[in-house]
């Protein structure tokens, strides 16, 4: 992965997070954080 691709991807993720916070008060980000926490619990259980 080149630096240009990495910077573009980081900017895209940052814009998506900013848009979620501005437009949806961060509800999608909170939802994804909860689902990621559940996924970590399942993965830790099967380890």
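In my numbering, the protein residues as written are 720 to 766.
Positions of the beta carbon are idealized from the N, C-alpha and C atoms, including for glycine.
What you are looking at is a predicted structure, and each value in this text was computed from that prediction instead of being measured.
Check: Spatial neighbours of residue 736 in its chain, beta-carbon cut-off 7 Å, leaving aside the 5 residues before and after; Outcome: 748
Check: Below-7 Å beta-carbon distance, residue 745 vs any chain B residue; Outcome: No chain B is present in this structure, which holds just one protein chain.
Check: Host alpha helix (DSSP H) of residue 733 (start-end); Outcome: 722-743
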